[in-house]
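Structure first, then comments.
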Amino acid sequence: MMDEEYWNQLHIPAVIAKDECLYCYETVYNETLNDQATLHSLDICLSCFQTVCQRHLPVHIQVSENNGEAGHSNYLNIAKIRKAEDKEDQEADQSNKKIKLNVVEKSEDECFDIKWSLLRYDLATASETTLFSDKDSNVPEIISEKIKQILGSKSQELVDKTSSWELSIDSCPHTRDFKVADNELKTISETCNDCQLTQNLWVCLHCGNVGCGREQVGIEGYSHALKHFEGNPSHALAVKLGSLSQSSADVYCYSCNDEVKFDDNKQLVQALSRFGIDLHNKMASEKSLVELQVEQNMNWDFRMVDAKGNDLKRLPVGKEFGCGLINLGNSCYLNSVLQCLLNGGVKDYSWHQVGQAFPSDVLYPGTNLRCQLIKINNALEIEPELYANGIRPRSFKQCIGQGHEEFSSERQQDALEFLTYLIDKLDQNIFTKDVDNPNNLMKFVMQDKLQCNKCRKVRYSSEPCKAIQIPLKESENPDNTQDLRERLQAYFSGETLEFRCPECKESVTATRTPGFQTFPDTLVINPVRLKLVNWTPVKTNDDLTIPGLSDLSDTLDLSSFQSHGFDPETEVMLRDTGEDQTDEFVPNPACVSQLVEMGFTPNAIAKALHATGNLETEPAMNWLFEHMDDPDFEVPLKLSKKSAHIPNQIDQESLNNMTAMGLDTKLCRKALILNNGDVNRSVEWVFSHLDDNGELPRQSTDTQTQSHGHPTPAPYKLVAIVCHKGNSAHSGHYVAFIRKYIDQQEKWVLYNDEKIVVAVQDNFEEMRKNGYLYFYSRSS
């Protein structure tokens with residue numbers, strides 16, 4: 018009974034996830050109020066404040082009863098109807114796609130009318146009763162006040178968006194070493210010193226020269242600020258005049274080719290004061306670099322028109338082409354990977370094993386990975402026709418990224434890193450049995466042959482893989498063309514390394530030759546398009562000739578890259594150093610000398626080389642960059658005896674401390690193992706995985722590793738591509754191209770977030786220059 022006491026005791030959360038159903042992607046939004054059509058609406062549970070659609074309301078009530086929580090029968094139903102736009106708004110929407118310097122956005126309340134009704138649902142009769150609605154004038158004051166609080170509470174989606182699009186900006190050696198000059202004050206120009214532009218101006222922090230910036234989409238610029246740096250290499254730092262305010266300033270380092278910041282903002286204030294600029298009295302007049310990146314990412318067309326300027330042919334949503342995935346801000350990497358996995362990029366890949374029905378014992382599906390897989394799989398594979406405008410994979414992104422520093426953030430991420438992370442996460446939590454694991458379709462085994470060039474003895478090592486990364490040749494020529502077949506041939510031809518030979522007992526050279534021990538059903542190839550410029554990763558866009566791109570019948574032959582393993586008749590194996598001895602690790606001296614020159618300490622270098630195989634400088638350098646913030650970064654490397662290693666061993670006192678809090682022993686044990694014994698992180702893990710069964714991921718054996726992939730080669734056909742457009746892996750935009758049959762012909766289909774269109778000839782240049790992941794399917 019919803020009496021006054023009930024309403025007085027009802028506490029309304031400050032934030033409510035009220036934009037989407039727990040179990041599907043139904044929303045509250047309607048373009049028009051049409052009596053002939055059913056309104057899109059959602060029901061907010063007044064017991065747990067989770068949101069469900071009418072279709073899944075019985076599911077939620079039944080689940081709550083199964084969890085011993087009776088009383089989830091009262092709901093606030095809400096629907097939002099877009100208000101009619103005035104003529105001025107319509108003209109603004111139809112304006113050109115140039116980036117505007119100033120944009121004032123309307124609030125949601127200004128764009129939508131809200132309809133609500135208070136409902137009581139009876140599960141036994143599957144019926145609902147309307148108690149009050151927005152049309153009633155006799156709503157009790159206490160009820161009216163609570164409804165206003167619910168409607169006025171912050172949307173979870175809006176809260177999440179506040180951190181969207183934030184780029185990670187750090188200081189650099191040039192900002193850290195910057196000294197404010199003592200010379201006399203200088204009044205700076207209000208126009209570019211070289212071309213008289215009045216916008217997109219950058220002032221050199223070293224001398225006060227004013228130059229225009231680079232040309233960007235819709236913004237004029239002639240790079241005169243860059244040319245000033247090229248003529249004065251010590252003048253690396255510049256600040257954008259239009260970005261200056263008390264709380265903002267775009268600082269760019271031309272030497273590092275990246276946006277940077279000062280660790281102490283007083284340096285910037287002092288430098289600008291020399292030019293008569295007082296930050297406290299400035300107001301930003303132009304968009305910042307981050308804001309421009311936001312608009313460019315959100316509006317990136319990726320050639321959404323053909324050569325004649327006509328819009329590309331839109332394809333209908335449905336089981337044949339799936340449905341689109343709306344960009345959440347920086348989620349295009351996730352969108353593109355999911356489309357390739359679930360929409361034909363990996364032949365026979367499916368999440369059908371998780372089923373279509375939601376578990377009856379999970380009251381909070383938003384944090385349950387199995388529920389999120391069911392939800393997004395139902396949308397993309399089972400009922401895509403329900404989502405003509407696409408879906409927002411927000412709850413999936415939050416759930417899959419939970420506990421991961423990068424993938425739980427709103428920052429742009431690397432598509433390959435996400436693909437491999439997703440595979441590992443699903444292997445550990447969902448597809449724990451090796452049989453019927455769809456991720457196995459991409460798994461294979463690579464075998465490395467290491468041969469000492471002095472004693473000629475060999476060592477073989479095998480490693481399970483999910484993709485191969487193929488280095489491209491470095492070139493300063495932007496029009497450079499390379500061939501994927503040639504790059505594969507160069508990669509599998511091997512390389513010469515510095516090596517401490519256990520037979521020769523000295524540092525010698527050795528040849529490392531990789532090869533396929535097994536071949537996957539779908540091979541993912543990542544041409545490495547990143548290079549270091551002043552120790553900053555910069556993306557290249559060399560034109561790459563791709564087998565099977567233009568000529569759909571062209572296939573990739575990998576037979577010459579097969580490894581045949583150790584041959585006892587012609588080869589002698591390098592002896593083992595002994596398993597019962599304490600591990601004696603000697604860092605590769607050639608790698609050490611190079612890494613020391615970069616400024617890394619011996620302790621950190623030893624750990625990096627140990628973690629990356631002690632063979633090459635570049636993987637160790639990448640490891641160092643990735644782990645610089647680790648608290649034990651400078652702690653000396655300590656290795657125990659191999660025979661003393663006990664897998665999954667935990668500290669009993671830590672386990673006792675956690676179980677004393679009333680937590681399940683099995684769950685605590687798993688948490689401590691997964692979090693390397695850290696009690697605080699383990700407690701957090703338990704509270705976010707209360708529905709976990711406590712079972713540990715099954716350890717792979719050599720036999721299982723060998724079983725992934727096929728023992729013999731076959732032709733491979735190009736079926737999907739993930740493209741990345743932008744200058745950095747941490748910005749820009751990802752899209753996917755997938756081969757589909759259209760009118761009984763194989764064609765490329767472009768998946769650009771929620772837009773699904775037929776690709777045209779102009780897109781082929783994008784696929785060659787910006788291809789980041791190429792999916793090749795094994796032909797039977």
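Residue 528 in this note's numbering sits at position 511 of the sequence shown, and the numbers go up by one each step. Ideal placement from N, C-alpha and C gives every residue a C-beta, glycine not left out.
Straight-line gap, residue i to residue j (C-alpha atoms, nearest Å)
{"i": "Thr618", "j": "Ser188", "result": "21 Å"}
{"i": "Tyr23", "j": "Leu136", "result": "15 Å"}
{"i": "Arg99", "j": "Ile33", "result": "21 Å"}
{"i": "Val80", "j": "Asn446", "result": "22 Å"}
{"i": "Val736", "j": "Ile440", "result": "19 Å"}
{"i": "Ser717", "j": "Cys229", "result": "At Ser717, the pLDDT of 41 sits below 50, so the modelled position is not reliable and the matter cannot be decided from this model."}
{"i": "Asp779", "j": "Ile755", "result": "16 Å"}
{"i": "Ser577", "j": "Asn631", "result": "27 Å"}
{"i": "Thr526", "j": "Cys518", "result": "9 Å"}
{"i": "Glu400", "j": "Ala484", "result": "31 Å"}
{"i": "Phe292", "j": "Cys482", "result": "56 Å"}
{"i": "Val652", "j": "Met645", "result": "12 Å"}
{"i": "Asp194", "j": "Thr676", "result": "51 Å"}
{"i": "Val703", "j": "Leu684", "result": "7 Å"}
{"i": "Pro728", "j": "Asp496", "result": "39 Å"}
{"i": "Asp328", "j": "Ile131", "result": "34 Å"}
{"i": "Thr55", "j": "Asn360", "result": "30 Å"}
{"i": "Lys330", "j": "Tyr768", "result": "12 Å"}
{"i": "Lys786", "j": "Val541", "result": "17 Å"}
{"i": "Ile78", "j": "Asn673", "result": "37 Å"}
{"i": "Gln468", "j": "Leu355", "result": "40 Å"}
{"i": "Lys165", "j": "Leu566", "result": "56 Å"}
{"i": "Trp219", "j": "Glu201", "result": "20 Å"}
Integer-rounded CB distance, given that residue j should sit under 8 Å from residue i
{"i": "Leu489", "j": "Pro544", "result": "6 Å"}
{"i": "Asn454", "j": "Phe461", "result": "Not quite, the Cβ-Cβ distance comes to about 14 Å (not below 8 Å), so this is no contact."}
{"i": "Cys38", "j": "Cys70", "result": "4 Å"}
{"i": "Gly726", "j": "Thr535", "result": "3 Å"}
{"i": "Tyr350", "j": "Tyr751", "result": "5 Å"}
{"i": "Thr572", "j": "Lys734", "result": "5 Å"}
{"i": "Val766", "j": "Phe338", "result": "7 Å"}
{"i": "Leu390", "j": "Val363", "result": "Between Val363 and Leu390 the Cβ distance is about 16 Å, and since that is not below 8 Å, they are no contact."}
Nearest candidate by alpha-carbon position, reference residue i, set the options
{"i": "Glu491", "options": "Leu505, Ala484, Asp559 and Lys450", "result": "Asp559"}
{"i": "Ser254", "options": "Asp275, Phe149 and Gln213", "result": "Per the sequence shown, the amino acid found at residue 254 is Leu instead of Ser. Answer by Cα proximity: Asp275."}
{"i": "Asp17", "options": "Asn456, His297, Glu145 and Gly341", "result": "The displayed coordinates of the chain run from 18 to 797. Any statement about residue 17 would go beyond what the structure contains."}
{"i": "Pro30", "options": "Leu168, Ile95 and Val156", "result": "Leu168"}
{"i": "Ser353", "options": "Ile773, Ser797 and Pro730", "result": "Ile773"}
{"i": "Asp139", "options": "Ser154, His89 and Trp765", "result": "His89"}
{"i": "Ile160", "options": "Met19, Ser272 and Thr629", "result": "Met19"}
{"i": "Lys392", "options": "Ala405, Val766, Phe413 and Val379", "result": "Phe413"}
{"i": "Leu214", "options": "Gly335, Asp126, Val268 and His241", "result": "His241"}
{"i": "Gly532", "options": "Gly582, Leu390, Leu561 and Leu691", "result": "Gly582"}
{"i": "Ile487", "options": "Gln166, Tyr40 and Glu503", "result": "Glu503"}
{"i": "Gln263", "options": "Asn298, Ile205 and Asp151", "result": "Asn298"}
{"i": "Arg476", "options": "Leu436, Leu458, Ser144 and Glu520", "result": "Glu520"}
{"i": "Ser64", "options": "Asp126, Ala432, Glu86 and Val76", "result": "Glu86"}
Residues near residue i by beta carbon distance below 7 Å, same chain, minus five either side
{"i": "Leu626", "result": "Pro604, Asn605, Cys608 and Ala637"}
{"i": "Lys163", "result": "Trp24, Leu27 and Ile29"}
{"i": "Glu803", "result": "The requested residue 803 does not occur in the structure, where the chain is confined to residues 18 to 797."}
{"i": "His57", "result": "Glu43, Thr44, Val45, Tyr46, Asn47 and Ala96"}
{"i": "Asp719", "result": "Residue confidence for Asp719 is low, a pLDDT of 41 falling below 50, so the modelled location carries little weight; the figure read from the coordinates is stated next. Once the five neighbours on either side are set aside, Asp719 has no close Cβ partner at all."}
{"i": "Ala405", "result": "Val334"}
Other residues of its chain near residue i: CB distance less than 6 Å, five sequence neighbours each side excluded
{"i": "Ile738", "result": "Phe754, Met784, Gly788 and Tyr791"}
{"i": "Thr634", "result": "Cys608 and Gln611"}
{"i": "Tyr793", "result": "Leu540, Leu573, Tyr733 and Leu735"}
{"i": "Val589", "result": "Lys474"}
Close Cβ partners of residue i (< 8 Å) along its chain, the five nearest in sequence each way excluded
{"i": "Thr147", "result": "Ser134, Leu135 and Leu136"}
{"i": "Lys278", "result": "Ile186, Asp187, Ser188, Thr192 and Val268"}
{"i": "Asn84", "result": "Asp378 and Leu380"}
{"i": "Asp284", "result": "This sequence places Gln at residue 284; Asp is not what is there. Around Gln284: Thr192, Phe195 and Val197."}
**OP:** Give, in chain order, every unbroken run of the beta strand (DSSP E) that is at least 3 residues long and sits entirely within the region 221-303.
**Re:** 227-229, 254-257, 268-270 and 275-277
**OP:** Scan the region 537-621 and note each continuous beta strand (DSSP E) run of 3 residues or more that stays entirely inside, going in chain order.
**Re:** 539-545, 547-550, 553-556 and 560-562
**OP:** Go through the region 37-80 residue by residue and report every complete run of the beta strand (DSSP E) that reaches 3 residues or more, in order.
**Re:** 59-62
Original post:
Counting only runs that start and end within the region 449-511, where is the beta strand (DSSP E) found for 3 or more residues in a row?
Top reply: 461-469, 475-482, 485-488 and 498-500
Original post:
Could you give the uninterrupted runs of the alpha helix (DSSP H) lying entirely in the region 356-404, keeping only those of 4 residues or more?
Top reply: 386-394
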